[in-house]
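Before any comments, here is the structure.
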Amino acid sequence: MKTLKFIPALCIMVLCIITPLRANAQASWVVKTAKELVKVLIQKGGPQVEKELVKLGGETLAREALEKAAQEGGEKLAQKLTAQTLEHGVALLKVAKPSPLRFLSAFEELTPAMRKAAAQEITREPDLMARLFSNYGKDVLTAAARHPGVGPQVVELLGQKGAAALGKMTTDEAIQLSKLAPQIAKVAEPQ
């Protein structure tokens, strides 16, 4: 009878020992991967990428984004984020950091050409794109990819409705909307 009471206690002790060891192994993998990612990005892009990295948060940004990815989807998601960052640039980490799973799901739904265009817009305005993506999700990536230079500004002024409208417009129409967006944003919504 005493043995039966001892087994659950033993199991709990083993779990208390194994869980931190596993978490430490994952954490060290993330730190190592973040360092390697930064190193490869700098080698690949030179001084300009190094300046961009420093501006965005450098190795700390990479580590935090990869840690969050590992929490949300394990090592596989962190590897996907690493691969997309290597292909499309360090600014992706800024947008992905709050929710790598949500970001990668939306980003990978885009066609390769749209991914490239969205990544260019993210690189051009990482802070704005990070904020807009947190608020509006995939629609911002689509607006940025379809209407570079004007899409994010329209979404910033008109919100989700602006993002939805941009999905149905040509670039010329999007440019016209961007000119009118400040006035439209001032108009109160109908009751």
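Quick note on numbering: the working numbering labels position 22 of the sequence shown as 2, and the sequence is numbered without any gaps. Yeah, the Cβ is synthetic: ideal placement off N, Cα and C, and Gly gets one too. Fair warning: this is a prediction, and the values are worked out from it, not measured in the lab.
- Task: Please look up how many angstroms separate the CB atoms of L137 and A145, rounded, as I've assumed it's under 8 Å.
- Result: Taking the Cβ atoms as the reference, L137 lies roughly 11 Å from A145, outside the contact range of under 8 Å.
- Message: DSSP three-state label for A165, please.
- Response: Of the three classes helix, strand and coil, the one that applies to A165 here is helix, per DSSP.
- Buried or exposed: K159, going by 16 or more other Cβ atoms within 10 Å of its Cβ? The residue is exposed, with fewer than 16 neighbouring Cβ atoms inside 10 Å.
- At 4 residues or longer, and completely inside the region 17 to 87: list those alpha helix (DSSP H) runs for me, N to C. Entirely contained in the region 17 to 87, the alpha helix (DSSP H) runs reaching 4 residues are, in chain order, 38 to 68 and 71 to 76.
- Item | Close-in-space but distant-in-sequence residues of the same chain around K15 (CB under 7 Å, 5 per side omitted) | So the qualifying residues of the chain are E39.
- Query: In chain order, what residues of the same chain have a beta carbon less than 6 Å from the beta carbon of R2, not counting five sequence neighbours either side?
  - Reply: With a pLDDT of only 45 at R2, under 50, the local geometry of the prediction cannot be trusted, and no value is derived from it.
- Message: Quick check on D119: buried or exposed, where buried means 16 or more other Cβ atoms within 10 Å of its Cβ?
- Response: A buried status is given to D119, since no fewer than 16 other beta-carbon atoms sit within 10 Å of its beta-carbon.
- Just reading off the alpha helix (DSSP H) that S135 is part of, what are its end residues? The sequence as given places Val at residue 135; Ser does not occur at that position. That run of the alpha helix (DSSP H) goes G131 to L146.
- Query: Which term fits P92, buried or exposed, when burial requires 16 or more other beta carbons within 10 angstroms of its beta carbon?
  - Reply: Per the 10 Å Cβ criterion, exposed.
- Message: At the level of alpha carbons, what is the spacing between G88 and R95?
- Response: Gly is not the amino acid found at residue 88; the sequence shown has Glu there. Going from the Cα of E88 to the Cα of R95 covers about 7 Å.
- Any idea if P214 is buried or exposed, counting beta-carbon neighbours within 10 angstroms, 16 or more meaning buried? No answer is possible for residue 214: it lies beyond the span of the chain, which begins at -19 and ends at 171.
- Message: Using the three-state DSSP reduction, which class does P128 fall into: helix, strand or coil?
- Response: Shown here, P128 sits in coil according to DSSP, grouped into three states, outside any helix or strand.
- Contact belief for E68 with A45 at Cβ below 8 Å, rounded distance in angstroms: The residue you asked about is not Glu; residue 68 is His in the sequence shown. Not confirmed; about 13 Å, so no contact.
- Between K141, V70, K148 and H127, which lies nearest to A110 when the distance is taken from Cα to Cα? For A110, the nearest C-alpha among the options comes from V70.
- Task: Would you kindly work out how many angstroms separate the C-alpha atoms of P128 and K77, rounded to a whole number?
- Result: Those two C-alpha atoms are separated by around 22 Å.
- Task: Grab me the residues of A161's own chain with a C-beta within less than 8 Å of its C-beta, minus the 5 sequence neighbours each way, in chain order.
- Result: Short of 8 Å from the beta carbon of A161, and not among the five residues preceding or following it, lie these beta carbons of its own chain, in chain order: Q133, V134, L137, L138 and G142.
- Item | Residue from S79, S8, V10 and T62 whose Cα sits closest to the Cα of E52 | Among S79, S8, V10 and T62, the Cα nearest to that of E52 belongs to S79.
- Message: I'd like the span of the alpha helix (DSSP H) that includes L112, first residue to last.
- Response: Per DSSP, the continuous alpha helix (DSSP H) segment holding L112 begins and ends at P106 to Y116.
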